[in-house]
Structures are given as C-alpha cells and as structure tokens.
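Working notes for the structure below.
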Amino acid sequence: MPNGVFLVTFQSSLATVGEAIAVCDACGVHGANESHAFRGRQEDDGARMVLELRHLCGERYPAFGQLPALTLELEVTQETPEGFRAAGTIREASGIRLAVVAKKLCELAD
C-alpha cells in the first residue's frame with residue numbers, strides 16, 4: 004500500500020497534464036496543486052485508488068476539462084520504495100486513459 008508524501012505526475016497518452024503533492028496513508032489519499040485538489044481511498048490493500056479530483060481555480064481551460072469534479076479510477080501497476088505507478092480511467096470519460104507516476108518525497112511522521 005503506498006504510504007508517504009509523493010510528487011504525483013498525471014499523464015495522458017499525449018502529454019503530462021498536471022503535477023501535485025499527495026499524501027497517501029491508511030486513511031486515504033489527499034493532494035493538491037495550485038488549481039486542483041483531490042481526495043480518495045485506497046482499496047484492495049493499495050492495489051486500487053479511487054480519487055475525486057476538483058478544479059478549484061486557475062486556468063481558463065483546465066487540463067482535465069470543464070467539469071468541476073471528476074472521479075479517477077486507478078490500478079497500481081508498480082510499487083517500489085521510491086514510489087509507484089498507476090493507470091486507469093476517468094469515470095466521466097471512460098475512453099480517456101490516464102497514467103500516474105508518483106515519486107516518494109518522504110515518509111510520514113509517526
């Protein structure tokens with residue numbers, strides 16, 4: 004199960020669509036950047052993540068489109084001590100595949 008503070012990069016098949024800082028622990032997944040915030044849960048002992056991503060402010064044409072909120076359904080495909088990779092879809096646009104690359108920045112304090 005991914006656990007710690009991560010630099011997360013969201014990628015489509017064409018380009019990087021955003022980066023954010025995320026905290027993953029047994030309580031869930033929480034993260035944000037200057038224009039989006041997300042929260043969600045880990046399922047199947049961290050093998051899956053379901054995240055709600057909200058556009059807060061910023062770009063006139065947000066990277067994830069004009070919807071105020073999206074649900075990302077991700078499957079963790081690789082996990083190492085340095086981070087993890089995940090892939091999945093946007094529930095509201097199931098034809099769009101999304102990849103997530105997470106680089107671990109630090110452990111969580113006890």
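Going left to right, the sequence shown walks through residues 4 to 113 as the numbering used here numbers them.
Where is the CB? At the ideal position from N, CA and C, for every residue including glycine.
- Here residue 28 carries a strand assignment [DSSP, helix/strand/coil].
- Note that the C-beta distance between residue 79 and residue 12 is not below 8 angstroms.
- Residues 53, 91, 92 and 94 of the same chain have their beta carbon placed closer than 7 angstroms to that of residue 76, with the five preceding and five following residues left out of the count.
- One Cα belongs to residue 108, the other to residue 97, and the distance between them is close to 31 angstroms.
- Taking the C-beta atoms as reference points, residue 26 is found no nearer than 8 angstroms to residue 44.
- Within the model, the alpha-carbon separation for residue 88 versus residue 17 is close to 17 angstroms.
- Looking at the backbone, the Cα of residue 9 and that of residue 99 are separated by about 24 angstroms.
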